[in-house]
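Protein chains in written order, with my numbering: chain A, 1 to 438; chain B, 1001 to 1246. Cβ atoms here follow ideal geometry from the backbone N, Cα and C, with glycine treated the same way.
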Amino acid sequence: MFKYDVKLAFKSMRRNPIMTALMVAAIAVGIGVSMTTLTVYYMMSSNPIPEKSDELFAVTLDSWSPLRPFDDDNPERAPHQLTYHDAERLLSFAEAKRQVAMFESSLIIEPVKAEDLPFEAFARVTSTDFFAMFDVPFIHGSGWDKTTDAAAEPVVVLGKQLNEKLFGGENSVGNWLTMEGTRFRVAGVIDSWEPTPRFYDPINGAFQEINEMFIPLSLTRVLELSSVGSDWGWKSEEITSFEQWLNSEAVWIQYFIELETAGGRGEYVAHLNAYVNEQKKLGRFERPLNNNIYNVEEWMDYHEVVANDAKVLVGLSFLFLVVCLLSTIALTLTKFIGKKAETSLRRALGASRQTIFKQQIVEVAVIGFSGGLIGLALVTLGLQGIEYLYDSPEGMVRFDWVMVLTALGIAIVSSMIAGLYPAWRVCNIPPATQLKTQ
Amino acid sequence: MLQMTQIQKIYRTELIETHALRELSVTVQEGEFVALTGSSGSGKTTFLNIAGLLESFEQGTYLLDGEDVSHLSDNERSAYRNHKIGFIFQSFNLIPDLNLFENIDVPLRYRRFPRADRKQRIEHALETVGLASRMKHLPAQLSGGQQQRVAIARAIAGEPRLMLADEPTGNLDTTMAQQVLELLEEIHAAGTTIVIVTHDQGLASRAQRNIQLVDGKVLEEESPHTQEEIPQAVMLNGGEPLAAQL
Ligand SMILES: Nc1ncnc2c1ncn2[C@@H]1O[C@H](COP(=O)(O)OP(=O)(O)OP(=O)(O)O)[C@@H](O)[C@H]1O
Ligand SMILES: [Mg+2]
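Okay, here's the thing in structure tokens:
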């Protein structure tokens, strides 16, 4: 019977092609718009590292000015980055299972082959635990160990793209690369790795492209690496040397820890407080104790990775879908008037109300499905448009099966809901009326 | 087969009440071929609609095939129509974008006959009405008489006990009407009870029994083939001698 209903649906759609096209178009546009915003929203609010999001924490210490809070709008918040020397101290305590301090820098890479030109590449300057902590996938080699870090050995882990650019995608582990006059040994090459949003550095852009290479944090001092990320300061300090900069109260280091369990949180904050209390004795940390750690989800909320605008936009776009569905209802009703004769005939020939109702619902579902398919094509265009507009890396907005099925599901279900009232009207057409002389 | 007693049907609109049937009592025996005549507005279609369970009625009792059908639910009425009754309408009522096969298939689908059974019934019905070769044609590709034969094929494919026809020849010229009538007689001969509504005295006279309605009531029952009706029939058929048609 279902197959018969589908067949009748196609017949009925063909009977009035313009009306059908309008209905399909209304649903397609509604689905296209709502699913585009929903996909962007879904991508923005997705969990970038679901296996670990409860054990990874961003660390904040309130080292800010005694006169005013770091963020006037959210006075309870400590600065979201650490000073270099605090980060260095926390690393040396190694109180958590894993800990990582990092910032973003950029270096000039000397050509490997004679015919190439030097170019600038971004580097995440970070400590040993980065790769294990964030489950970074390697193609070749590995990260560096603690001894390498401690000895400030110049090693580099290349991103997949950079390795392709420099070494044609070969296993380049053990090769040498000259950057800023220093020879770096390639320790590893990572696979494509794009946690979205980029949870470990939302401060410098949650939807930024992933860094192209990674070098040890200890090189900061040796190579006098500066951050290309943002830094904040409150204290007027005289800075004439790099060492003074590293020891200043400016905050520019992102600090993450991994705890054995989410439950270890209180203990770790206590550890932070103990450290800060000790620093207070030295005249630093003049504000009341306000040290906090945030798990990944909290950290994304903290930085409003999903902008409120995005939520409003999703709401609006679903309202728009409702408008499209309302016009579908209007069209369906108009169309069903033309079905009176056939319906009362079918009723006379023995179709029950339910049978007629089901047939109408199947018909709108088929229209909904068609609208959903075309809507998906519009979503693809929409997402490409957004990538283009926001200049985000390609493939950032992913087109996945969940989305396809959701779109089709929403299209079918919503058009069926839109078809309920018209179908109810149709199935109540009495069998006799049209059988009298026509 | 069909037994109505004291049936009353009133159509109500905001302005007026129309007593379409007033205490109508009609009995049709199993296997009968009955013609219903009467002037326009006398309640013939109303009677047929009630007999075919297409409409309800206010008062009286109606036994169809020995069973009281006054209190059936809408679904049960649909099933009864589907299983027991074949309809033939004046305006054929074929679905224009279904081919002949699919048109005849409509009531069989609702009866949930298996596919092979449906196919066999449709082919047989189309053979009976002499249109087996046009199975894939659309109704618009047929003449009026052929369309009405398809409608008959649709009505007989489910082998109904009772066949109801409202002016089955009303839209047809005499030759075509003749073919349709012959078909109905064939169906009747095969054992189906038939009730037809007609203005055509010639057609009525071929029935076993005539029932005349006047103002929602049975006027009188007359036996067919009475001599004095023939001239009247000639006139009703547009002046052609009845003998020439038969
Ligand atoms: N749906 C309706 N609403 C109101 N009045 C109706 C309705 N159907 C029929 N009637 C009235 O009931 C009466 C009987 O109508 P019916 O159609 O049964 O007559 P008929 O004998 O079939 O006439 P005709 O020969 O013209 O087809 C008429 O007065 C008609 O106006
Ligand atoms: Mg009538």
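First through last residue of the alpha helix (DSSP H) which encompasses residue i
| i | result |
| --- | --- |
| A:TRP176 | It is not in any alpha helix (DSSP H) - A:TRP176 instead sits in the beta strand (DSSP E) that spans 176-179. |
| A:LEU56 | Looking at the DSSP string, A:LEU56 is not in any alpha helix (DSSP H); the run it does join, the beta strand (DSSP E), is 56-60. |
| A:ALA21 | 17-45 |
| A:PRO48 | Where A:PRO48 is concerned, there is no enclosing alpha helix (DSSP H), given that its DSSP letter is neither H nor E. |
| A:SER106 | Premise fails: A:SER106 lies in the beta strand (DSSP E), 98-109, not in any alpha helix (DSSP H). |
| B:THR1193 | First-last for B:THR1193: 1193-1197, but that is the beta strand (DSSP E), not the alpha helix (DSSP H). |
| B:THR1005 | It is not in any alpha helix (DSSP H) - B:THR1005 instead sits in the beta strand (DSSP E) that spans 1002-1012. |
| B:ARG1201 | Note on residue identity: the sequence assigns Gln, not Arg, to residue 1201 of chain B. Segment 1201-1206, the alpha helix (DSSP H) holding B:GLN1201. |
| B:ALA1125 | 1115-1128 |
| A:MET403 | 401-427 |
| B:PRO1107 | 1100-1110 |
is_contact[residue i, chain B] using C-beta, thresh 7 Å
| i | result |
| --- | --- |
| A:ARG15 | yes |
| A:SER45 | no |
| A:PRO431 | yes |
| A:LYS11 | yes |
| A:GLN438 | Here A:GLN438 scores only 40 on pLDDT, less than 50, and its place in the model should not be relied on; the value that follows carries that caveat. Yes, contact with chain B. |
| A:TYR4 | yes |
| A:ILE210 | no |
Whole-number beta carbon distance between residue j and residue i, since they are thought to touch under 8 Å
| i | j | result |
| --- | --- | --- |
| A:THR328 | A:ALA418 | 5 Å |
| A:VAL40 | A:ILE386 | 6 Å |
| B:VAL1197 | B:THR1045 | 7 Å |
| B:TYR1062 | B:SER1070 | 6 Å |
| B:VAL1150 | A:ARG346 | 16 Å between Cβ atoms; not a contact. |
| A:PHE199 | A:MET300 | 6 Å |
| A:TYR4 | B:ARG1109 | 6 Å |
| A:VAL24 | A:ILE374 | 6 Å |
| B:ASN1171 | B:GLN1090 | 6 Å |
| B:ILE1156 | B:THR1128 | 7 Å |
| B:LEU1164 | B:LEU1181 | Wrong, their Cβ atoms sit about 16 Å apart, outside the cutoff. |
| A:ALA411 | A:GLY371 | 5 Å |
| A:ALA87 | A:ILE253 | 4 Å |
Cβ of residue i within 7 Å of any chain A Cβ
| i | result |
| --- | --- |
| B:PRO1160 | no |
| B:ASN1171 | no |
| B:PHE1087 | yes |
| B:ILE1095 | yes |
| B:ASN1103 | no |
| B:ASN1099 | no |
| B:VAL1180 | no |
| B:HIS1225 | Residue confidence for B:HIS1225 is low, a pLDDT of 48 falling below 50, so the modelled location carries little weight and cannot support an answer. |
| B:VAL1150 | no |
| B:VAL1028 | no |
| B:ARG1012 | no |
| B:ARG1081 | yes |
| B:VAL1129 | no |
| B:VAL1034 | no |
| B:LYS1009 | no |
Residue span of the beta strand (DSSP E) that contains residue i, given as start and end
| i | result |
| --- | --- |
| B:HIS1019 | 1017-1028 |
| A:HIS140 | 138-141 |
| B:LEU1213 | 1209-1214 |
| A:TYR294 | 292-295 |
| B:ALA1165 | 1162-1166 |
| B:TYR1062 | 1059-1064 |
| A:TYR255 | 254-258 |
| A:LEU158 | 155-158 |
| A:ARG183 | 182-190 |
| B:PHE1092 | B:PHE1092 -> no beta strand (DSSP E), and no H or E assigned at all. |
(message) At a CB distance below 8 Å, what residues from the region 31-43 of chain A approach chain B? Give them in sequence order.
(response) none
(request) Could you list the residues in the region 343-358 of chain A with a C-beta less than 8 Å from some C-beta on chain B, going in chain order? (result) LEU345, ARG346, ARG347, ALA348, LEU349, GLY350, ALA351, SER352, ARG353, GLN354 and THR355
(message) For the region 1055-1079 of chain B, list every residue whose C-beta sits within 8 Å of some C-beta in chain A, in sequence order.
(response) GLU1055, ASP1074, ASN1075, SER1078 and ALA1079
(message) So if I measure from each beta-carbon to every heavy atom of ligand 1 and keep distances below 5 Å, which residues remain?
(response) B:TYR1011, B:THR1018, B:ALA1020, B:SER1040, B:GLY1041, B:SER1042, B:GLY1043, B:LYS1044, B:THR1045 and B:THR1046
(message) Closer than 7 Å between beta carbons: that is the criterion. Which residues of the region 1183-1217 of chain B meet it against chain A?
(response) none
(request) Taking only beta carbons into account, state which residues of the region 1108-1119 of chain B come closer than 7 Å to chain A, listed in chain order. (result) ARG1109, TYR1110 and ARG1111
(message) Output needed in chain order: residues of the region 367-389 of chain A with a Cβ under 7 Å from some Cβ in chain B.
(response) none
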